[in-house]
Each structure stands twice: as structure tokens, then as C-alpha cells.
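As they're listed, the protein sequences go chains A and B.
Its first residue numbered 1, the first sequence is counted upward by one per residue in full-length UniProt numbering.
Its first residue numbered 1, the second sequence is counted upward by one per residue in full-length UniProt numbering.
Shown next, in C-alpha cells, is the structure this report addresses.
Number of protein chains: 2
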Amino acid sequence: MSLTEEQVLERIARVRAARPRLREERITLAHGAGGKATHTLIEAVFLDAFRNPELERLEDGATLATPAGRLAFTTDSFVVSPLFFPGGDIGDLAVNGTVNDLAMCGARPLSLSAGFILEEGFPVADLRRIATSMAAAARAAGVDIVTGDTKVVQRGKADGCYVTTAGVGLLERPLTLSAARAVPGDVVLVSGPIGDHGITVMLARGELDISADLESDTAPLHGLAAALLDAAGPGVRLLRDATRGGVATICNEVATASGVAVVLEEKAIPVRPVVNGAAELLGIDPLYVACEGRFVTVVSPEVADVALAALRGHPLGAGAARIGVVGDDPPGLVLLRTGFSGTRIVDLLVGDPLPRIC
Amino acid sequence: MSLTEEQVLERIARVRAARPRLREERITLAHGAGGKATHTLIEAVFLDAFRNPELERLEDGATLATPAGRLAFTTDSFVVSPLFFPGGDIGDLAVNGTVNDLAMCGARPLSLSAGFILEEGFPVADLRRIATSMAAAARAAGVDIVTGDTKVVQRGKADGCYVTTAGVGLLERPLTLSAARAVPGDVVLVSGPIGDHGITVMLARGELDISADLESDTAPLHGLAAALLDAAGPGVRLLRDATRGGVATICNEVATASGVAVVLEEKAIPVRPVVNGAAELLGIDPLYVACEGRFVTVVSPEVADVALAALRGHPLGAGAARIGVVGDDPPGLVLLRTGFSGTRIVDLLVGDPLPRIC
Numbered sequence: 001m002s003l004t005e006e007q008v009l010e011r012i013a014r015v016r017a018a019r020p021r022l023r024e025e026r027i028t029l030a031h032g033a034g035g036k037a038t039h040t041l042i043e044a045v046f047l048d049a050f051r052n053p054e055l056e057r058l059e060d061g062a063t064l065a066t067p068a069g070r071l072a073f074t075t076d077s078f079v080v081s082p083l084f085f086p087g088g089d090i091g092d093l094a095v096n097g098t099v100n101d102l103a104m105c106g107a108r109p110l111s112l113s114a115g116f117i118l119e120e121g122f123p124v125a126d127l128r129r130i131a132t133s134m135a136a137a138a139r140a141a142g143v144d145i146v147t148g149d150t151k152v153v154q155r156g157k158a159d160g161c162y163v164t165t166a167g168v169g170l171l172e173r174p175l176t177l178s179a180a181r182a183v184p185g186d187v188v189l190v191s192g193p194i195g196d197h198g199i200t201v202m203l204a205r206g207e208l209d210i211s212a213d214l215e216s217d218t219a220p221l222h223g224l225a226a227a228l229l230d231a232a233g234p235g236v237r238l239l240r241d242a243t244r245g246g247v248a249t250i251c252n253e254v255a256t257a258s259g260v261a262v263v264l265e266e267k268a269i270p271v272r273p274v275v276n277g278a279a280e281l282l283g284i285d286p287l288y289v290a291c292e293g294r295f296v297t298v299v300s301p302e303v304a305d306v307a308l309a310a311l312r313g314h315p316l317g318a319g320a321a322r323i324g325v326v327g328d329d330p331p332g333l334v335l336l337r338t339g340f341s342g343t344r345i346v347d348l349l350v351g352d353p354l355p356r357i358c
Numbered sequence: 001m002s003l004t005e006e007q008v009l010e011r012i013a014r015v016r017a018a019r020p021r022l023r024e025e026r027i028t029l030a031h032g033a034g035g036k037a038t039h040t041l042i043e044a045v046f047l048d049a050f051r052n053p054e055l056e057r058l059e060d061g062a063t064l065a066t067p068a069g070r071l072a073f074t075t076d077s078f079v080v081s082p083l084f085f086p087g088g089d090i091g092d093l094a095v096n097g098t099v100n101d102l103a104m105c106g107a108r109p110l111s112l113s114a115g116f117i118l119e120e121g122f123p124v125a126d127l128r129r130i131a132t133s134m135a136a137a138a139r140a141a142g143v144d145i146v147t148g149d150t151k152v153v154q155r156g157k158a159d160g161c162y163v164t165t166a167g168v169g170l171l172e173r174p175l176t177l178s179a180a181r182a183v184p185g186d187v188v189l190v191s192g193p194i195g196d197h198g199i200t201v202m203l204a205r206g207e208l209d210i211s212a213d214l215e216s217d218t219a220p221l222h223g224l225a226a227a228l229l230d231a232a233g234p235g236v237r238l239l240r241d242a243t244r245g246g247v248a249t250i251c252n253e254v255a256t257a258s259g260v261a262v263v264l265e266e267k268a269i270p271v272r273p274v275v276n277g278a279a280e281l282l283g284i285d286p287l288y289v290a291c292e293g294r295f296v297t298v299v300s301p302e303v304a305d306v307a308l309a310a311l312r313g314h315p316l317g318a319g320a321a322r323i324g325v326v327g328d329d330p331p332g333l334v335l336l337r338t339g340f341s342g343t344r345i346v347d348l349l350v351g352d353p354l355p356r357i358c
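Here is the structure:
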């Protein structure tokens, strides 16, 4: 069973009809956490003001139907702290993040832009290190950084360096991937162990007195996405990289947009022991912790095995796993089946346990 | 006389061969002012790291030759302070700024992205006002804001709200506009009185104890650019909106990229008396003050009259003027002919007399 484009648009219209209200008078860190407050802010302020069909999809990027062809277009701002951490820095994070948003639209990334907001006094050597890392990440992803902008603000009006990348990609496949495409019976896959990036950044801040042999998973995912789409084609309903808010947030977005239940099997979700341990010390569930090189995909049952095999056959998908299924009841909710045949609801994140993770 | 594409590329290669060195160890406000320090930073750090032919053109946006057609792609970050000022705010500034960068490439603007960096504690009502203003500006320019991102940083790590827009446009004309295309004999035009935006923002900060009946000139320039290109076609060498660094900076960029002299007539340059007066009090030359709704164009002598008439026939170009000519000596320099047949050199801006003007 697959939905027509019309049915997907109906689903989106139904969800958008329920306009949430923003009760807070001031922005809090939670508004940037990717969870409940972020969703409310986006829907109550930005969707309300900018209202257009493409934005209302709330996917990782927009599809532009130009007279010249179908393009994907996306942007992300990066405010990660610290700027440098094991396995990466704000530079490769910004490049990979935008490459991945394009890949999640099913696009081949073409070109990136980069906007820098620098704080007066920021070391030029650090900026050079960030630029070098961006260049290497762009090269690895096969894209060029073709245009940019630099602004400087006074001391105390930023935190060293913020980077905003935008990207354009080419939609060469006749697919529209969407969180509103899931149907009961579908299978949920994740492309590898979750939470490495978020925990790495938290540990790099020295807020926990532990050191662990852990690196950010930041990586460009367009090659892995292409391998999956080549193998499983139109059986792939959606791709979402599990950044802010983690796997839990993506599953909630799917449940809401598709009006389905997402049922996850706790023991099937790949989490490294060190991530599990650190998350426990921090008092957070790894399901909410950001990755920067993992995606969740929902596929039709017929292609589930071939999809999983395609992921596992790619170096960035070696740890891929089948983590759940799509059901019809209760619609809009994510359930986690835990060890002793217990079940709990996995809601959107409230508050921000991990600020400035990306 | 017009240059071939090959000759333009040779000019760009020659200028890029002279790699400047960045002597400072830390970022200063001057690195964001659009003048000498900004140019050095971009060439020594970003061009050096990202090196690719499209970026090396250093135009307002990049041209993407996709299998699907020619696109323009651009980005700008906005950190203006205060966020609200007579005639506009950071929201319409961010939309118009990116629309204008696309227009300066000769493109028809299609879609924008918006990335927000918000400071914890920022009033939601202000954010709503900014979003509403962005939506109105987008509507006026005939574009949609189709994708976005929101990050929140802790109190004291930003200044309320920063906005980074990126834009995609369609290059429907077989033109490549470039600062490297000017040749001796060409005519320099400006589309209206200069410096309104910069002086308005300075006055809004209350740093001068004067009040003036002045508004920002922020406006979308794609309609005016199209009117010019329709009338003067391939006789138009380049378009540049006179933002940070003002008309003086653009003329310097043209002189350097084309290896020509630009000779401006001081008395021909349209400046409102109130802008002249305020600039004098601030100790700055209006030639360096940012506009957000004016552009400079260099056109071949044969089309100069028709080009000027086309500008003046459009509401946003009513105050257009012929302000100078392109000569061959001294190459790379901008000269200003002043009242009593005197001449002075107009160099790139050193330092930053007007921080956070956009």
C-alpha cells in the first residue's frame, strides 16, 4: 500500500489545520532543542507568517519545481559549543549537515553557501582551521562552497563563530520522500548506532568528569542514501537524519504527519555501551540524543530486507538495524517496547537537556 | 568593445594570483565592514580554503550550471543593530538583501531560505514582528521562504536575533554580469541617492543627537534590474548593490577586477542633504555608506542614455544618475573629481566606522 501525492497533501493539510499557540513571551533554549517547543515556535510564528505549501511540508529541505527542473534547497545554522570536538568541528558539521538535508530529500548535493557570524576577537587561526575543515568536508561530499558572507559583531554579542550553510541539490529521481508517507505495516530502519555526536559534544564540554573513547559520527550521507534508494526505490517512504531531538523526534514527526503509530523495539536500537553509560549519567534517553551521520528511514515491508542489506553494504551503514514498525493505533504516537514486554510512550522532547549540540 | 568570457576569466585569474596575507591574529570589527580588511580575510582564509572558479569571481552570488539549467545562488547574514529602524527591520532587510544579490546576478529570484540564531530571552513578539516583515517583503518580491532553521543560544551569546537568508534564482538571460567586465569608455550609473540606509541605522542608535526625516532605502531591486537589462541588454557589464562599504567599495572592486580606472564626478553623485549633513557629523564620506535599495551599474557608452532612461522610468530608479566613467589609467584605482578640478583617490574602507549596519 502506497499513498498518492494527493493523499500525502491531505495528511499535511490536516496536521497543519491544528495550529498550536505559543504561550511563552520570551525565547528559551528549549525553542532551539528540536522538541515540542521548537515545533510550536515554527508552527505558531514562522509557518503562520510565511505560509506556503513547500514550507508546510516541514521536511529537511524544500523542493523547487523550477522551469529548469526539480531542485532541493535547504539551510541550517550551526552554533555548536565547543567549536572543536573529537571527530569534527563546526566546519565539517555545517557542511555535512546541509549535504545530509539535501540527501534526505533524495537529492544529489550540488553547491553550498556559507554565512559566518564572527565575534570580535575570535582567533584567525581557529577560523582558518574551520575553513580548512569545511573545504575537506565539501571535497569529501563532492560539492563546492560557491558563495558566502561574513559579518563581525562586537565582543560579547556571539560566541566565537556561528556558521549558516545553505545548499542546492538536484532531484534526479521521481520520488517525493515525506514524513507523511508512512502507512501501517511499514518498517523503521536506522542507519547505525545512535547518539555518538551528542554525547561526544557533551563530554568535550567537560561537564561530565569522564573520558570516553568516542567520536562524533558527523559524515555526509548522500552516498548511503543513494545506495538505499537504488536498492529499494519507491518502497522508501522517507529519510530523516537524526540530528537535534534524535530518533525519538523523527519518529514523532512521522507519527504526527502520517497519523500512524510508530512502535519501536528498545533492544533492537543500536546504541554503543559508552553512549548508553554517558546518557545515563546525564539523565537523558539516547533516543533523544543527536547524531550527525545517521538517518532513520521508513520503508514498505516488501523492500525492508533489501533496504537493510543495502545500508549494511555501505561503510556508513554497517551498523544499520531494523528498529520498529508502523502501526495504525494509537495514531500520532510513538511507543517503545521495553525488555519485559512493557510499553511506554516516547513523546517529543520537552526542555533542552543538550543545548548547542549542533 | 566587449570582453569575451575567456578574457574575463583571465582578468579574474590575474587578480586572484596576488594572494594577500592576513596579518592580524584576531578578528576585528573591520573584518566585517566590507572594506580592505574584509577583502583580505575573504581572500586569505575563505578563497584559499574553498578555492573554486565560481567563488573566485567574488560576485554577489554564484552561478550554478546544473544539468537542469543556469541558476543563481547566494547568501547573506544579517546582524543589524537596532533590529527595527525607520523604513524597515532585520526581517525585510534580510529578504531584500538576498533578493537583491540574486537580481545583481541578472537572475529572477525564486525561493529563499531563512536561518535564525536567537538569544535566550528574546521577546517572541519581536520575532513575530520580524517574521511578519519577512513575509511581507517576500510577497512584495514575489518569492516564497520555503525552508528554514532556528537555533537558540544562551543569554549573552548573541544580540537578540541574527538572520541568514540564502536564495535561488533563475538565470533566464544569456548574460554573465561581472565586475571584471568593465572596459575604458564605459559609463558608471547609480540607481538613486546613496547612504540613506546606513545613516538611518546610525541615527536610530541615538549616537548622534539629531533627528532627521530619513528612512532606510531597503527595497527589492529585481524589477529595476530587469527593466535595465530589458532596455540595455548585453551593454550592461555588471550590477552591484551598494551595501556594506557603499559605492566607493563597488567602484574599487570594479577597478581591481577589471584592471581599469574608475573616475567619479563628485557633484554628479546623488546624496540627500540630510545624509550629507549626518555623514559630515559622523566624519564619514557618504560614498562609503551602505544603501540597501540602490545599485551601481557599469554600461557600455552606446547604451548609457537608454540605460539611464530605463532606470529613471522605474519607481525605484527615479533618482538614478550618471556618476562617472571607466578609464585606463591608473589601473586598479578609483578617482573622485571634486569641485575645483581637484582629484583624489577613493580607496577601500579601512576600519569600520559603521559596524552592524546590515
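Ideal Cβ placement from N, Cα and C applies to all residues, glycine included.
The three-state reading of DSSP puts Ser111 (chain A) in strand, counting E and B together.
Leu203 (chain B) and Arg240 (chain B) have their alpha carbons spaced roughly 25 Å apart. Between Cys161 (chain A) and Thr243 (chain A), the C-beta gap is not smaller than 8 Å, which leaves the two residues out of contact.
Note that the C-beta distance between Leu335 (chain A) and Ala227 (chain A) is not below 8 Å.
In the three-state DSSP reduction, Val143 (chain A) falls in the coil class, being neither helix nor strand. Straight through space, the alpha carbons of Leu333 (chain A) and Ile130 (chain B) are spaced by roughly 34 Å.
Distance from the Cα of Gly317 (chain A) is smallest, within the candidate group A:Ala231, A:Pro193, A:Glu302, for A:Pro193. In its chain, beyond the 5 residues on either side, Ser111, Leu112, Ser113 have a beta carbon closer than 8 Å to the beta carbon of Val146 (chain A). In the structure shown, Pro234 (chain A) falls within a helical segment according to DSSP collapsed to helix, strand and coil. Across the segment 156–186 of chain A, CB contacts with chain B closer than 8 Å involve Gly156, Lys157, Ala158, Asp159, Tyr162, Thr164, Ala166, Val168, Leu170, in sequence order along the chain.
For Ser77 (chain B), the enclosing beta strand (DSSP E) covers residues 69–78. Taking a C-beta distance under 8 Å as the contact criterion, Arg19 (chain A) and Glu54 (chain A) do not qualify as a contact pair.
DSSP lists B:Leu118 as the beta-bridge partner residues of Cys161 (chain B). Looking from the CA of Ala103 (chain B), the closest CA among B:Phe116, B:Pro220, B:Tyr288 belongs to B:Pro220. Going by beta carbons, Lys36 (chain A) and Leu348 (chain A) fall inside the 8 Å limit.
For the C-beta of Lys36 (chain A), not a single chain B residue is nearer than 8 Å; the gap to the nearest is close to 14 Å.
Out of A:Leu214, A:Gln154, A:Ala137, A:Arg128, the CA that lies nearest to the CA of Leu47 (chain B) is found in A:Arg128.
Taking the beta carbon of Asp149 (chain A) as reference, the chain B residues within 7 Å of it are Thr75, Asp76, Ser77, listed in sequence order. Val346 (chain A) has its alpha-carbon roughly 8 Å from the corresponding atom of Asn252 (chain A). Among the residues of chain B, those whose CB is under 8 Å from the CB of Val146 (chain A) are Asn52, Glu54, Leu55, Ala62, Leu64, Phe73, following chain order.
Neighbours of Gly351 (chain B) in chain A, taken as residues at a C-beta separation under 9 Å, are lacking, since the least C-beta distance is about 12 Å. No residue range can be given for Thr176 (chain A), since it is assigned to no alpha helix (DSSP H) and is classified by DSSP as neither H nor E.
Exposure of Ser341 (chain B) is indicated by the presence of fewer than 16 other C-beta atoms within 10 angstroms of its C-beta.
For Leu64 (chain A), the uninterrupted beta strand (DSSP E) run begins and ends at 62–66, by DSSP. In this structure, the CA atom of Glu302 (chain A) is about 23 Å from the CA atom of Glu266 (chain A). Residue pairing by DSSP puts Asp241 (chain B) in a beta bridge opposite B:Phe295.
Taking the Cβ atoms as the reference, Leu354 (chain B) lies roughly 7 Å from Val289 (chain B), within the contact range of under 8 Å. Neighbours of Pro315 (chain A) in chain B, taken as residues whose beta carbon is under 8 Å from its own, are absent, since the nearest beta carbon is some 26 Å off.
When Cβ-Cβ separations below 8 Å define contact, Pro331 (chain B) makes no contact with chain A. Counted as a single uninterrupted DSSP element, the stretch harbouring Val95 (chain A) is not any beta strand (DSSP E) but the alpha helix (DSSP H) occupying residues 90–104.
With distances taken between CA atoms, Glu25 (chain B) lies nearest to B:Thr40 out of B:Ala309, B:Phe122, B:Arg14, B:Thr40. Ranked by Cα distance from Ser77 (chain A), the options B:Val153, B:Asp89, B:Thr38 are led by B:Val153.
Sequence-ordered contacts of the segment 130–142 of chain B with chain A read Ala131, Thr132, Met134, Ala135, Ala138 [C-beta pairs closer than 8 Å]. Under the three-state reduction of DSSP, Asp347 (chain A) is assigned to coil, being neither helix nor strand. Collapsing the DSSP output to three states places Thr338 (chain B) in coil.
At least 8 Å separates the beta-carbon of Leu189 (chain B) from that of Arg337 (chain B).
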